[in-house]
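Peer 1: In this note's numbering, the protein residues as written are 8 to 321.
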Amino acid sequence: MDVHYGYENLNLKNSVVTVGSFDGLHRGHRYVIDMLKRRAQELMGESVVVTFNPHPKKVVGTSGESLQLLTSNEEKIFLFREMNIDHLLFINFDRALSRMNANEFIEKILAAKINARHLLIGFNHHIGSMKCSYEEIKNIAENLGISSEILNEIKLGDTVISSSEIRKALLEGRLEEANNLLGYCYFMYGTIISGKKIGRKLGYPTANIKPDDPEKLIPKNGVYAVEIILNEKKYPGVMSIGFNPTVNREKGTRSIEVNILNFSGEIYGQKIRVIFKYRLRDEMNFDSLDELARQIETDRNEALRLLRNGYDFS
8 MDVHYGYENL NLKNSVVTVG SFDGLHRGHR YVIDMLKRRA QELMGESVVV TFNPHPKKVV
68 GTSGESLQLL TSNEEKIFLF REMNIDHLLF INFDRALSRM NANEFIEKIL AAKINARHLL
128 IGFNHHIGSM KCSYEEIKNI AENLGISSEI LNEIKLGDTV ISSSEIRKAL LEGRLEEANN
188 LLGYCYFMYG TIISGKKIGR KLGYPTANIK PDDPEKLIPK NGVYAVEIIL NEKKYPGVMS
248 IGFNPTVNRE KGTRSIEVNI LNFSGEIYGQ KIRVIFKYRL RDEMNFDSLD ELARQIETDR
308 NEALRLLRNG YDFS
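1) Give me whichever residues DSSP pairs with residue 246 in a beta bridge.
2) Would you call the region 22 to 38 and the region 53 to 62 in contact, with 3 or more CB pairs under 8 Å?
3) Could you check what DSSP says for residue 285 in three-state terms: helix, strand or coil?
4) Should residue 320 go down as buried or exposed, given a rule of 16 or more other Cβ atoms within 10 Å for buried?
5) Suppose the cutoff is 7 Å on Cβ atoms and the five residues either side in sequence are ignored; what does the same chain contact list for residue 33 look like?
6) Can you give the beta carbon distance from residue 66 to residue 101, rounded, assuming they're within the 8 Å contact cut?
7) Just the Cα atoms here: how many angstroms apart are residue 311 and residue 228?
8) Note down, in chain order, each residue of its chain lying with its Cβ closer than 6 Å to the Cβ of residue 264, except the 5 sequence neighbours on either side.
9) Below 8 Å CB to CB, which residues in the same chain sit around residue 153 once its five sequence neighbours on both sides are set aside?
10) With distance defined between alpha-carbon atoms, name the residue in 230, 49, 36 nearest to residue 262.
11) Taking the Cβ atom as the reference point for each residue, do residue 121 and residue 96 lie within a distance shorter than 9 Å?
12) List in chain order: all unbroken alpha helix (DSSP H) runs of 4+ residues lying wholly within the region 289 to 319.
13) Got a sec: is the Cβ-Cβ distance from residue 313 to anything in chain C below 9 Å?
14) How many angstroms separate the CA atom of residue 201 from the CA atom of residue 279?
15) Determine, using beta carbons only, whether residue 80 and residue 99 come nearer to each other than 9 Å.
16) If residue 76 and residue 222 are in contact, beta carbons under 8 Å, what's the gap, nearest whole angstrom?
17) Nearest to residue 42 by CA position, among 103, 111, 82, 158, is which residue?
18) Taking 9 Å as the threshold (C-beta atoms), are residue 44 and residue 92 in contact?
19) Is residue 27 near the ligand ADP - that is, is its Cβ less than 8 Å away from at least one heavy atom of it?
20) The beta strand (DSSP E) with residue 179 in it runs from where to where?
21) By Cβ distance, which residues of its chain are closer than 7 Å to residue 151, with the 5 residues on each side in sequence left out?
22) State the Cα-Cα distance for the pair residue 196 and residue 238, rounded to the nearest angstrom.
23) For residue 29, collect the residues of the same chain with a Cβ closer than 6 Å to its Cβ; drop the 5 residues on either side in sequence, then sort them by chain order.
24) CA-CA distance, residue 289 and residue 283?
25) Mind pulling the beta strand (DSSP E) runs of 3 or more residues that sit fully within the region 113 to 149?
26) Should residue 148 be labelled buried (16 or more other beta-carbon atoms within 10 Å of its own) or exposed?
27) Excluding the 5 residues preceding and the 5 following residue 51 in the sequence, name in chain order all residues of the same chain whose CB lies nearer than 7 Å to its CB.
28) Quick test of your reading: residue 218 and residue 177, contact by CB under 8 Å. State the CB separation rounded to the nearest angstrom.
29) Which residue spans inside the region 55 to 106 form an unbroken beta strand (DSSP E) run of at least 3?
30) Can you grab the Cα-Cα spacing for the pair residue 160 / residue 103, in whole Å?
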């Protein structure tokens, strides 16, 4: 997969294109991408995903609106690469682009710069500053020699799969539901930073994590069984997200800490990927550090029970 930043000096041929933010690359998005690859093969063309940086809501969203991303650009590249598309194109989303109508966007960018031959549109996606109907988009594209199709919504049970539904599930602690809607386990990239080393004093050293993207959505406070990818190796772990109420009597800074099981070594400054497998419990306030230590041991045992099949604990 080739990754492009901007649409100048491209040399694409017979591009089969879809356009969107693709935050989360959930099951609905994956259906679009599967169809994109199928059409590219049928038309002997190249599959091209056009997405935006930054997320359009940062430019045109409501003032004061909090933006919480399911996927950073780096995470998005990782997921698209796994899906084996030909080209991923990031377009800078600014005020000028936000004011482009559908006719301008399709003519000046999709046709002139990307050499689009066929356009796939998700069921709830709009192109351009005005919310054109699919029929309007279809007519614009056809006048430029571009065929098009709109894809149906994808449901899981009675739930229409959407990024907003997944965000809500994660923020409410419904990790299993979020992972089902995504079609994979939610994950984040981060860097190991120095912490207060309280876990080390209790006999369970933890690594504090700083998310690589400050706008990355962090799931609801609590304790999770996670998988850690560190230096291309896989480890089980227990992650705690919250304010550590047992040791912080006053609400302070939210922290993200992980106890990497069956691992020892100094890893400050290293980059890791954390994969959220199971939610174990809510954040709790204990009467003593001894009580906290006993609960940590319980959490570790439960995480090992849930994760054991994927690791060698001999």
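C-beta: ideal position from N, C-alpha, C; glycine also.
Computed from a prediction, not measured in an experiment: that's the story for all the values here.
Peer 2: On the basis of the supplied data:
1) Per DSSP, 231, 265.
2) Yes: the two stretches touch, three or more of their Cβ pairs being nearer than 8 Å.
3) It is a strand residue.
4) Because the pLDDT at residue 320 is just 48, under 50, the model does not fix this residue reliably, and the value given afterwards should be weighed accordingly. Residue 320 is exposed by the Cβ-count criterion.
5) Cβ within range, chain order: 168, 170, 173, 188, 189, 190.
6) Right, their Cβ atoms sit about 6 Å apart.
7) So the alpha carbons of these two residues sit roughly 21 Å apart.
8) So the qualifying residues of the chain are 213, 215, 247.
9) Result list for residue 153: 113, 117, 118, 123, 124, 125, 126, in chain order.
10) Distances from the CA of residue 262 to each of 230, 49, 36 were compared; the closest alpha carbon is that of 230.
11) Yes, the pair counts as a contact, with Cβ atoms nearer than the cut-off.
12) As far as the region 289 to 319 is concerned, its whole alpha helix (DSSP H) runs of at least 4 residues are 296 to 314.
13) Considering every chain present, this structure includes no chain C. It has just one protein chain.
14) Taking the straight line joining both Cα atoms gives about 14 Å.
15) No, the pair does not count as a contact, with Cβ atoms beyond the cut-off.
16) With a Cβ gap of about 5 Å, residue 76 and residue 222 count as contacting.
17) Looking at the Cα atoms, 158 is the closest of the given residues.
18) Yes, they are a contact pair.
19) The model on display carries no ligand, and the ligand ADP is accordingly not part of it.
20) Looking at the DSSP string, residue 179 is not in any beta strand (DSSP E), and its letter there is neither H nor E.
21) Result list for residue 151: 113, 114, 118, in chain order.
22) Taking the CA atoms as reference points, residue 196 sits about 13 Å from residue 238.
23) For residue 29, where only same-chain residues beyond five positions count, the Cβ hits under 6 Å are 36, 58.
24) Taking the straight line joining both Cα atoms gives about 15 Å.
25) The region 113 to 149 contains these whole beta strand (DSSP E) runs: 123 to 128.
26) In the assembly as shown, residue 148 is a buried residue. Its beta-carbon has 16 or more other beta-carbons within 10 Å.
27) Taken in chain order, the residues that qualify are 21.
28) Wrong, their Cβ atoms sit about 14 Å apart, outside the cutoff.
29) For the beta strand (DSSP E) assignment, the uninterrupted runs of no fewer than 3 residues enclosed by the region 55 to 106 are, from N- to C-terminal side, 94 to 99.
30) Rounded to the nearest angstrom, the two C-alpha atoms are 30 Å apart.
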